[in-house]
Amino acid sequence: MAGADKIEVVLVRHGETGTYDHDAGLTDRGEHQAYTRGTALARALAGRDRIVLRHAPTERARETAEALRAGLTDASGPPVAGTPQPDPAFSNFLIRCGETITEPTGAHALYQKIEQADAAADWITDFTRYLERQRLGGDPVGYWLRQPLPSFEPPVAVVLRFGRAIGRLIARGDPTTATVVATHSGCLRAVVAAACGEDPGEPDNGETVNVVAAPGQSAAMVHYRNRADRWFLPRAMPPWFGGETRSSVTTADGR
Numbered sequence: 003m004a005g006a007d008k009i010e011v012v013l014v015r016h017g018e019t020g021t022y023d024h025d026a027g028l029t030d031r032g033e034h035q036a037y038t039r040g041t042a043l044a045r046a047l048a049g050r051d052r053i054v055l056r057h058a059p060t061e062r063a064r065e066t067a068e069a070l071r072a073g074l075t076d077a078s079g080p081p082v083a084g085t086p087q088p089d090p091a092f093s094n095f096l097i098r099c100g101e102t103i104t105e106p107t108g109a110h111a112l113y114q115k116i117e118q119a120d121a122a123a124d125w126i127t128d129f130t131r132y133l134e135r136q137r138l139g140g141d142p143v144g145y146w147l148r149q150p151l152p153s154f155e156p157p158v159a160v161v162l163r164f165g166r167a168i169g170r171l172i173a174r175g176d177p178t179t180a181t182v183v184a185t186h187s188g189c190l191r192a193v194v195a196a197a198c199g200e201d202p203g204e205p206d207n208g209e210t211v212n213v214v215a216a217p218g219q220s221a222a223m224v225h226y227r228n229r230a231d232r233w234f235l236p237r238a239m240p241p242w243f244g245g246e247t248r249s250s251v252t253t254a255d256g257r
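This note's numbering puts the last residue of the sequence shown at 257; the count rises by one with no breaks.
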């Protein structure tokens, strides 16, 4: 995908999991999906000296990273440096459930413990709306991308979080090493939408998004399916995430 002088970060959606009611691991099919992706990456990343494996801090992402490693090793791909490590920068989108911050499966486990007749928390309303799309066979992640849900980490915050983490990897300027990250579909969709201007829909389990840039560049190329789009990597949080007061921000008319 990338030239020898380019930094490459490969985002991989986790393999199939048995349930989203709690943080479960992969099914046999999910392990096979991730393993097969690992063998494919062995060919795609053959020019690299080594691969660093990272994963979102969920069980399905961890098991995906382990299966990716097995596929890379069995296919004689570039050696994996150490064991796959969790990286909170590549977490799934988060939900504020009262005093607890967790991702959707953690929120679902908390939700199941609550008697709905007694539930008055704001996050319950948000999560009920999200869950309804899932129960009806709809697109709950697409709903999150389109609908403001105050208890949910917004898509733009996920894009900023991923972009800054990828920017740090690129700034290190080591084109001999590729980084492969097992993460989640909503994050992949948000990143691709930021690059191309529209939601691409749900990626398959094990599908990849490749982010490629030269050291020192402010823009990367995002490769997904049959398209490539330029993405300006965020370097700092915008003021509306920084807590500045209105008086510290100048509006378009100078007020």
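Backbone N, C-alpha and C fix where the C-beta goes; we use that ideal spot for every residue, glycine too.
Check                                                                                                                  : Outcome
Contacting residues, own chain, Cβ-Cβ under 6 Å from residue 69 (five flanking each side not counted)                  : 33, 36, 37
Rounded straight-line distance, which links the Cα of residue 67 to that of residue 236                                : 26 Å
Cα-Cα separation between residue 126 and residue 99, rounded to whole angstroms                                        : 8 Å
Cβ separation of residue 2 and residue 31, assumed to be a contact under 8 Å, to the nearest whole Å                   : An answer regarding residue 2 cannot be provided, because it is not within the stretch 3 to 257 covered by the chain.
Min CB distance residue 125 to chain B below 7 Å                                                                       : The structure shown contains no chain B, having only a single protein chain.
Stretch-stretch touch, CB-based, cutoff 8 Å, three pairs: the stretch 195-202 with the stretch 19-29                   : no
Cβ distance (whole Å) where residue 215 is taken to contact residue 9 below 8 Å                                        : 6 Å
Euclidean distance between Cα positions of residue 114 and residue 106                                                 : 12 Å
Through-space distance from residue 144 to residue 134, alpha-carbon basis                                             : 13 Å
Where the beta strand (DSSP E) through residue 104 begins and ends                                                     : 102-104
CB contact flag (residue 55, residue 211, <7 Å)                                                                        : no
Which listed residue (43, 151, 239) has its alpha carbon closest to that of residue 96                                 : 151
Spatial neighbours of residue 171 in its chain, beta-carbon cut-off 8 Å, leaving aside the 5 residues before and after : 9, 11, 181
Which residues DSSP lists as bridging residue 198, in chain order                                                      : None, per the DSSP bridge assignment.
Cβ-Cβ distance between residue 186 and residue 58 below 7 Å                                                            : yes
Check whether residue 147 and residue 201 have beta carbons under 7 Å apart                                            : yes
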